[in-house]
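Novice:
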C-alpha cells in the first residue's frame, strides 16, 4: 500500500487495480499489525474428534512459526462455550480470530461485537452462517468431498454397466454443520439418479438429510442408528451393499454395528478425514475409502490469510462466488480433497508424511 501511495497520481488507479488482484505474501515483514498486536485466537469445536486435534495442532504450529502469539481453545461441542471462548478472545486482545463453529448459526451476536471492535474473522472449514462479520473462509471443496464418495460407490458397484440392484443406506452428518449439507448434496447428486431408477434401493426408506443425520457426528449415535437399521431390514441375511457415511466418525460407528450384528457380505463404506482408526480399518478391509483433507495445507492457507490481514495486504482467495453464508458471499480459498483407499493410502498418507507406517499397524 505504501508503494501505491508513493506513485505518481496518473498511475495510481492502475496500481490500485493490480494490487487488488495480487496474491498475499507471507515473508520478510513484521508480523504485527500497526498497533503492535500479534495475537491470534483459534476456536475449534471439540477435542473428541481426531480431525480437530490435528487441525488445531497444525494451525498453532504454523502461526507460531510465523511469529504469532496463539490462543487455541476447544469448545467441547457446546455452543454457549464457543460463544464464551470467542468473547474472551475479543476482550483478550486478539486481532484476528480463526473459528470453526459447532452450529453455524450460533455466533452472529458475538461476531457482531468482533466486527465493531475491528477484529477480523477467518472462518475455518465449517461455514459460519447469517452474519456479515466473517472476513474470509478457508475450506476444502466440500461438495467435491460428497461427489467423491458417491462416485466411489458408483464405480465399485459398476452401476453404469449392470442391471443388478444393490442395497444402500445413508449416514449423514450433524444437522447444525453447514458442511454436512455440502457433503450430502455432493454425494446425492451422484447417487440420486440410481435411487430413482431402482438400481440403488434404500430399504430403510431413510434418504433425506434430516432422516439420515447424526448429531455432533457422534460415533455411538451412528452405531445405534445402524444397529436399528440392521435389526429391521438386514437381520435375515439380506446383503447391504454400500453405506454412504459422510465422515470417519460415522463410518467407525457403522463398522462397529456391522461387526456386532450383520451377517451378510461386507459392504462398501465411505468416509472422510482419514482419521487413524479409519485408515487402520481401510488397511484391514473394514472401511473401503475415506476422503483425505490435508489439514496441513489448510493451515498454511489460513496463516497466509492472517499474514496478509496483519500487514494490510490483499488476502489471496480463489473463489468469490460460491460460499454465500446467508448474509454475504464470503471470499474463500478452497483446497481440493483426495479419495484414499487400499490402493493409494501408502502413497498419499505415508509417503506424504501424514502418518508413519508404524502408526497404522
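Numbering (mature numbering (1 follows the signal peptide of the UniProt record, and there is no 0)), first residue to last: -17 to -1, 1 to 344.
Each residue gets a CB set at the ideal place from its N, CA and C atoms; glycine is no exception.
Near residue 347, what residues of its chain come up, given a Cβ to Cβ distance below 6 angstroms and the 5 sequence neighbours on each side ignored?
Specialist: Nothing can be reported for residue 347: it is not among the residues displayed for the chain, which extend from -17 to 344.
Novice: What residue range does the beta strand (DSSP E) around residue 272 cover?
Specialist: 272 to 275
Novice: Considering only DSSP beta bridges, list what residue 56 is partnered with.
Specialist: DSSP output for residue 56 lists 26 as bridge partner(s).
Novice: Indicate the three-state DSSP secondary structure (helix, strand or coil) for residue 334 in the structure shown.
Specialist: coil
Novice: Any idea if residue 339 is buried or exposed, counting beta-carbon neighbours within 10 angstroms, 16 or more meaning buried?
Specialist: The residue in question, residue 339, is exposed, as its Cβ has fewer than 16 Cβ neighbours within 10 Å.
Novice: Return the CA-CA distance between residue 55 and residue 179, expressed in angstroms with no decimal places.
Specialist: 46 angstroms
Novice: Note down, in chain order, each residue of its chain lying with its Cβ closer than 7 angstroms to the Cβ of residue 181, except the 5 sequence neighbours on either side.
Specialist: 148
Novice: How is residue 119 classed by DSSP in three states: helix, strand or coil?
Specialist: strand
Novice: Between the Cα of residue 30 and the Cα atoms of 295, 200, 208 and 265, which residue gives the shortest distance?
Specialist: Measuring C-alpha to C-alpha distances from residue 30 to each of 295, 200, 208 and 265 identifies 200 as the nearest.
Novice: What first and last residue would you give for the beta strand (DSSP E) that runs through residue 322?
Specialist: 321 to 324
Novice: Using C-beta distances below 8 angstroms, list every residue in its chain close to residue 215, excluding the 5 sequence neighbours before and after it, in chain order.
Specialist: 187
Novice: Just reading off the alpha helix (DSSP H) that residue 261 is part of, what are its end residues?
Specialist: 259 to 267
Novice: For residue 308, is the classification buried or exposed, using 16 other Cβ atoms within 10 angstroms of its Cβ as the cut-off for buried?
Specialist: buried
Novice: Would you mind sorting residue 220 into buried or exposed? The rule is 16 or more other CB atoms within 10 Å of its CB.
Specialist: Taking all protein chains in view, the Cβ of residue 220 is surrounded by fewer than 16 other Cβ atoms within 10 Å, so the residue is classified as exposed.
Novice: Comparing C-alpha positions only, which one of 265, 287, 324 and 206 sits nearest to residue 121?
Specialist: 287
Novice: Which stretch, first to last residue, makes up the alpha helix (DSSP H) that contains residue 94?
Specialist: 91 to 99
Novice: Along the chain, where does the alpha helix (DSSP H) that runs through residue 40 open and close?
Specialist: 33 to 48
Novice: Note down the Cα distance separating residue 83 from residue 240, rounded to an integer number of angstroms.
Specialist: 30 angstroms
Novice: Give the DSSP-derived three-state secondary structure of residue 51 in the structure shown.
Specialist: coil
Novice: Check each candidate in 102, 125, 135 and 86 and name the one with the smallest Cα separation from residue 119.
Specialist: 102
Novice: In whole angstroms, what separates the C-alpha of residue 43 from that of residue 80?
Specialist: Rounded to whole angstroms, residue 43 to residue 80 spans 12 angstroms at the Cα level.
Novice: Assuming residue 223 contacts residue 177 (C-beta within less than 8 angstroms), just tell me the rounded distance between them.
Specialist: Between residue 177 and residue 223 the Cβ distance is about 16 angstroms, and since that is not below 8 angstroms, they are no contact.
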